[in-house]
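Numbering (our numbering), first residue to last: 8 to 339. What follows is a set of notes on a single structure, which appears directly below.
Following this line, the structure appears as structure tokens:
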């Protein structure tokens, strides 16, 4: 935690997510990218912007590492035209993070990407295969890339086996009546699956999908038990042009036109934006049992984050627990 001159305590985010590219090679039915790309310039993060984000972390480190740097955003990171150089920059700052994670849909994960990644400081991967068979994949991603994705993942597994230290891999499949983990695992029957976790990804509600369909099963929490969303206390997303959002939904669904947009790191430190008056007031509202932001009304990500709060009847508000947990419930 950081104390400011005004004696207000500012907290560090636990997770910082960086969007290296906002380009994508799929048209997924559960993603807002097909709509948002009509309004935004498709590009890569500039070196100077990446260095600014990393420098902000270094400035406020105070001998305590940030838990995670996540290379994930609205786009597919392997489409970053400056991929190798950006990974090298991140490698040189790896000492600031306990964990560096990488998310990919595997479509464009070529051998050169795999070699760069496995020689890097990245120690956790999430691969979004999303469907367990070709038919469901076509319905979900609207592109015939299933067999290509399977082969790309097999190559990644094979090359990982040549390494002494084998990073953790999570493989996600969306919750759907049309998906089966065992069906997908059978495609890798002859592969070495040490430290690889196949899991059903819970589908949270957002503008593009709010209720169950014949294809996807949307997570339905008990809304009467709503507690403050842990994301606005612990997580930030920085998009390809430096815009900072208070949560996943801000980055993936709304972008800078929303209340969830907190500012741009070109103009202020990412820590100051994370603890801006706007986000502080949002946390205050959530602790009173109100919506942190208007966009939170249709979102149920809060129910997939840890409940690190206790309701205090005397104060009529949520109070943070002394001991807080990090685990999120998107993975099972």
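We treat Cβ as the ideally placed atom computed from N, Cα and C, and that holds for glycine. Keep in mind that this is a model prediction, so the values were computed, not measured.
Does the distance from the C-beta atom of residue i to that of residue j stay below 9 Å?
| i | j | result |
| --- | --- | --- |
| residue 237 | residue 314 | yes |
| residue 258 | residue 244 | yes |
| residue 171 | residue 198 | no |
| residue 79 | residue 133 | yes |
| residue 28 | residue 83 | yes |
| residue 152 | residue 181 | no |
| residue 306 | residue 213 | yes |
| residue 280 | residue 311 | no |
| residue 25 | residue 215 | no |
| residue 293 | residue 39 | no |
| residue 54 | residue 87 | no |
| residue 217 | residue 157 | no |
| residue 163 | residue 188 | no |
Taking buried to mean at least 16 other C-beta atoms within 10 Å of its own C-beta, is residue i buried or exposed?
| i | result |
| --- | --- |
| residue 326 | exposed |
| residue 116 | buried |
| residue 159 | buried |
| residue 301 | exposed |
| residue 85 | buried |
| residue 334 | exposed |
| residue 264 | exposed |
Can you grab the Cα-Cα spacing for the pair residue i / residue j, in whole Å?
| i | j | result |
| --- | --- | --- |
| residue 202 | residue 138 | 21 Å |
| residue 242 | residue 298 | 17 Å |
| residue 240 | residue 72 | 17 Å |
| residue 276 | residue 75 | 18 Å |
| residue 50 | residue 320 | 50 Å |
| residue 95 | residue 126 | 10 Å |
| residue 249 | residue 255 | 15 Å |
| residue 332 | residue 296 | 21 Å |
| residue 231 | residue 118 | 49 Å |
| residue 14 | residue 191 | The predicted position of residue 14 is uncertain, since its pLDDT is 40 and thus under 50; a value taken from the coordinates is nonetheless stated next. Rounded to the nearest angstrom, the two C-alpha atoms are 53 Å apart. |
| residue 10 | residue 68 | Caution is warranted here: a pLDDT of 42 is assigned to residue 10, below 50, making its placement in the model unreliable, and no coordinate value can be reported. |
| residue 120 | residue 91 | 8 Å |
| residue 224 | residue 107 | 30 Å |
| residue 169 | residue 233 | 46 Å |
| residue 57 | residue 100 | 11 Å |
| residue 19 | residue 278 | 7 Å |
| residue 287 | residue 196 | 49 Å |
| residue 316 | residue 329 | 9 Å |
| residue 62 | residue 235 | 30 Å |
| residue 123 | residue 98 | 11 Å |
| residue 210 | residue 226 | 6 Å |
| residue 52 | residue 247 | 5 Å |
| residue 303 | residue 309 | 9 Å |
| residue 179 | residue 47 | 28 Å |
| residue 173 | residue 273 | 36 Å |
| residue 322 | residue 220 | 41 Å |
| residue 324 | residue 44 | 40 Å |
| residue 81 | residue 268 | 15 Å |
If contacts are defined as beta-carbon pairs under 8 Å, then residue i and residue j qualify, I think. What distance do you get, rounded to the angstrom?
| i | j | result |
| --- | --- | --- |
| residue 175 | residue 130 | 7 Å |
| residue 183 | residue 222 | 6 Å |
| residue 65 | residue 103 | 6 Å |
| residue 22 | residue 77 | 6 Å |
| residue 114 | residue 32 | 5 Å |
| residue 148 | residue 35 | 5 Å |
| residue 177 | residue 204 | 5 Å |
For chain C, is any of its Cβ atoms less than 9 Å away from the one on residue i?
| i | result |
| --- | --- |
| residue 20 | Absent from the structure is chain C; it holds one protein chain and no more. |
>> Ignoring anything shorter than 4 residues, give me the alpha helix (DSSP H) runs that lie fully in the region 180 to 209, in order along the chain.
In response: For the region 180 to 209, whole alpha helix (DSSP H) runs of length 4 or above, ordered along the chain, are 188 to 192.
>> Please give me, in chain order, every unbroken run of the alpha helix (DSSP H) with length at least 4 that falls completely inside the region 117 to 165.
In response: List check, alpha helix (DSSP H) in window: 118 to 125 and 141 to 148.
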